[in-house]
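Take any residue in the sequence shown, count from 1 to its spot, add 153: that is its number in my numbering.
We treat Cβ as the ideally placed atom computed from N, Cα and C, and that holds for glycine.
Remarks on the structure that follows.
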Amino acid sequence: MVTQNKKILIITGSFGNGHMQVTQSIVNQLNDMNLDHLSVIEHDLFMEAHPILTS
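Put into structure tokens, the structure is as follows:
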């Protein structure tokens with residue numbers, strides 16, 4: 154049986170420290186679980202939409 158790699162996409166926004174803390178907590182928990190064939194991807198849509206405000 155072939156095991157397929159899985160991806161989890163976490164979409165966040167850097168417009169508040171709480172958003173970033175929750176994102177980091179989720180990522181840390183998933184990484185601590187040592188799940189094989191799992192990739193965690195974080196993406197900050199606020200930074201992408203407003204690069205001048207977030208630089």
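1. If Val193 sits next to Ile163, beta carbons under 8 Å apart, how far is it from one beta carbon to the other, in whole angstroms?
2. Leu183 and Leu191 look like a contact to me (Cβ under 8 Å); what is the Cβ gap, rounded to whole Å?
3. Quick one: what does DSSP say His203 is sitting in, helix, strand or coil?
4. Looking only at DSSP bridge pairs, what is Ser192 linked to?
5. Do Ser178 and Met200 have their C-beta atoms within less than 7 Å of each other?
So, to answer that:
1. Approximately 7 Å separates the beta-carbon atoms of Val193 and Ile163; this is inside 8 Å, confirming the contact.
2. Beta-carbon to beta-carbon, Leu183 and Leu191 are separated by about 7 Å, close enough to satisfy the 8 Å threshold.
3. Three-state result, His203: coil.
4. In DSSP, Ser192 forms a bridge with Lys160.
5. Not a contact, by the Cβ cut-off of 7 Å.
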